[in-house]
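Line by line, the protein sequences give chains A and B.
According to this note's numbering, the first sequence holds residues 26 to 247 in order.
According to this note's numbering, the second sequence holds residues 26 to 247 in order.
2 protein chains.
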Amino acid sequence: MGSNFSVAEENYIKAVYHLQKPGAIVTTNELAAELQTKAASVTDMLKKLKQKKVLNYEPYRGFNLTTEGRKAALGIVRKHRLWEYFLVEKLQFGWDEVHEVAEELEHITSKKLIDKLDAFLDFPRFDPHGDPIPDVNGKMQVQHDISLNDLPVNTPAEVSSVKDQSSELLDLLKHKNISIGSRLQVTRKFGFDQSIELRIKDIAAPVNISLQLAQVLYVKPL
Amino acid sequence: MGSNFSVAEENYIKAVYHLQKPGAIVTTNELAAELQTKAASVTDMLKKLKQKKVLNYEPYRGFNLTTEGRKAALGIVRKHRLWEYFLVEKLQFGWDEVHEVAEELEHITSKKLIDKLDAFLDFPRFDPHGDPIPDVNGKMQVQHDISLNDLPVNTPAEVSSVKDQSSELLDLLKHKNISIGSRLQVTRKFGFDQSIELRIKDIAAPVNISLQLAQVLYVKPL
DNA sequence: AAATAAATTTAGACAAATCTAAAAAATAAT
DNA sequence: ATTATTTTTTAGATTTGTCTAAATTTATTT
Ligand SMILES: [Mn+2]
Ligand SMILES: [Mn+2]
Ligand SMILES: [Mn+2]
Ligand SMILES: [Mn+2]
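Below you can see the structure in the form of C-alpha cells.
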C-alpha cells in the first residue's frame, strides 16, 4: 500500500506525468530525451514500473500513468513546487536557480516534513514559476492561462506563469519590469515580426515584447 | 577540487568523524555497528575512501580521517544540524523527530542552499540537541559541558545538551520541566541508586533525577 | 507489397553498494 | 610457543540503474 519509490523511479514517474497529455500516450524516446538517458534504460525502467502498477505499458505501444502512478506523480510535483516556493520566498533565491535544488529536495521522503512545510509557507497555491502546487490531497487549481501571443488587443490580463526558467528570461523580465502578477494590456501587435506592444499597469512607458518572449509568458485574462 | 561524494560515502565519512576520538583510531567493527552494516561492506568502502584520500587506512590497522576527510565531515555535520534547527524552530518538529529527516536532508548538494539557510536561521550556533553547528568555515564552538552526573553539589549550571534523542527522553524532560537552557543546581546526591535531587531556577519544587537520566543530560557550569 | 527507415526492445556488460561464507591476520589464552 | 578466539579481509553473488550493440517490431517510402 505505501508507495516506496527510489529516486530514479520518482524521476521517471514525474517525467511521464509532465510529458503525458490527456488521452494521449508517451513514447520511449520522448521519455529518454526528457530524462537525458538512453531508450534502452527507459525500457528497463518501464518494465519495473509496470510491475509496480505505476504505468499502463505494452511493448512498442507506449505508456501512461495509472491512477496510482498519477497519485505518486502529484506527490512529487507537490514537493518540488513547495520547495521551490520556500527557496524563493524564504531563502531569497531567484526563480532561475531553484529547479535543480528542488530536483533533489523533492525526494526527501518524510510526509510530515512536506505537510509542515506547506503550513509554514501558508499553503501557497502557485510556485515561483506560476505553476499550481497540488494540495495534500493532490488537488490543484486549474490554470486557464494562455500565451501572451494569444491575448487579444486591449484585454486586461495578469501575468500568471513562465514556461522557461532560464536566468536570461528572468534578467529580461526584470529589465522590463514584468513579474508574475503584473497587470497588463496589449496595445498593438505588429505583423512584421509578430512583436507586441503593451502597457503595464501603473507604468507610463509602453513596453515592447518579442515573439520569443511572448511565447513563454503566460497570462490570465481578467 | 570540489568534493563529490555519494550518499553512502557521506554517511561513512560522518560516521568515522563521530566515532573518532583525538589521537585514537577507528575499527572496522565499530564502524559496521554504527552504520548498521556488515564488516565486509565497511572494508570495501574503506578502500574506496582511502583512494579518494578521505581516510588514512592500512589493512588490519584501523583508520581515521585525513584533513580533507574531516573537512568533508564537518560540511555534512553542518548541514545535518542546520536542518535539524530549521525543522524544530521553523516547522515545529519535536527534537525527537528530526534526526531521521536530517539524515536525508544533509545530502542535498547545493552549497548556496545551506549558506542561505544558515542566514535565514540567523546563524544558530547549536542544534536542538545542544550540539554545536560548524560555521561556513567548519569552525564551531567548543563544548565544555559535562554529564549531570559529574556536576558537583551546589554548583549553578545550565543544561546544554542531550546525548539521547528518543521521544521517551523528551517526554520525561517535558514532564520534569527541563529543557536545553534550563538553569539548575544539584541539591543532593544519593549513594544508594546514584539518583540526584536538584532545583530548577524559578521552580519551587525539587526534582528527582535517575542515574540513567543524569548520564544523558549534559550541563555547563556557570 | 517490398524495401527502407525509425523506434523499441533484448542481450550482455559494467559500476556502486551491499551481502554471506571462507580465508587470513592479529590478539588472547593456555 | 602453540592453540584458540576475535577481527578483518577476500571471494563470489546480488540488486539497482545504467550503457552499447544487436535484434526485433512498427512506421514510412517507394
Ligand atoms: Mn528529482
Ligand atoms: Mn517550478
Ligand atoms: Mn545521512
Ligand atoms: Mn542533533
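Don't be surprised by glycine CBs; every beta carbon is placed ideally from N, CA and C.
Exposed unless 16 or more other CB atoms sit within 10 angstroms - verdict on residue i
i       : result
R213(B) : exposed
P177(A) : exposed
S86(A)  : Residue identity differs from the one stated: residue 86(A) is Arg in this sequence, not Ser. Classification for R86(A): exposed.
E122(B) : buried
K46(A)  : exposed
R106(A) : buried
E193(A) : exposed
P157(B) : buried
D143(A) : buried
K164(A) : exposed
G6(B)   : Within the shown structure, residues of chain B are numbered from 26 to 247, placing residue 6(B) beyond reach of any answer.
D218(B) : exposed
P153(B) : buried
K63(B)  : exposed
P159(B) : buried
V32(A)  : exposed
E83(A)  : exposed
L209(B) : buried
A71(B)  : Note on residue identity: the sequence assigns Leu, not Ala, to residue 71(B). Classification for L71(B): buried.
G155(B) : buried
Heavy atom of ligand 1 within 6 angstroms of residue i beta-carbon
i       : result
E131(B) : no
Residue i CB to nearest heavy atom of ligand 4 below 6 angstroms
i       : result
D152(B) : yes
E55(B)  : no
E114(B) : no
E109(B) : yes
Near ligand 3: residue i beta-carbon under 6 angstroms from a heavy atom
i       : result
N36(B)  : yes
E128(B) : yes
Euclidean distance between Cα positions of residue i and residue j
i       : j       : result
V244(A) : W108(B) : 37 angstroms
V211(B) : Q190(B) : 23 angstroms
S185(A) : L146(A) : 20 angstroms
K104(A) : S235(B) : 43 angstroms
H200(B) : D227(B) : 16 angstroms
I133(B) : V126(A) : 8 angstroms
V79(B)  : S135(B) : 21 angstroms
G119(B) : F30(A)  : 27 angstroms
L195(B) : D175(B) : 21 angstroms
V232(B) : L223(B) : 5 angstroms
K96(A)  : V187(A) : 25 angstroms
L60(B)  : T68(B)  : 13 angstroms
Q168(A) : Y37(B)  : 46 angstroms
H124(A) : K77(B)  : 30 angstroms
A65(A)  : L197(A) : 40 angstroms
N89(B)  : L238(B) : 32 angstroms
V161(B) : K115(A) : 20 angstroms
T52(B)  : H43(B)  : 13 angstroms
K75(A)  : N81(A)  : 6 angstroms
T92(B)  : L138(B) : 24 angstroms
E55(B)  : A98(B)  : 17 angstroms
R150(A) : Y110(A) : 10 angstroms
L130(B) : N179(B) : 42 angstroms
A49(A)  : K73(B)  : 47 angstroms
Q240(A) : G216(A) : 15 angstroms
F148(A) : E128(B) : 26 angstroms
I205(B) : S28(A)  : 37 angstroms
E34(B)  : A57(A)  : 29 angstroms
V41(B)  : Q166(A) : 48 angstroms
Residue i: CB within 6 angstroms of a non-hydrogen atom of ligand 2
i       : result
D156(A) : yes
Anticipated Cβ contact below 8 angstroms, residue i with residue j, distance rounded
i       : j       : result
S220(B) : E183(B) : The pair is not a contact, with the Cβ atoms about 21 angstroms apart (cut-off 8 angstroms).
I225(B) : I203(B) : 7 angstroms
K39(B)  : I101(B) : 5 angstroms
P181(B) : L247(B) : 5 angstroms
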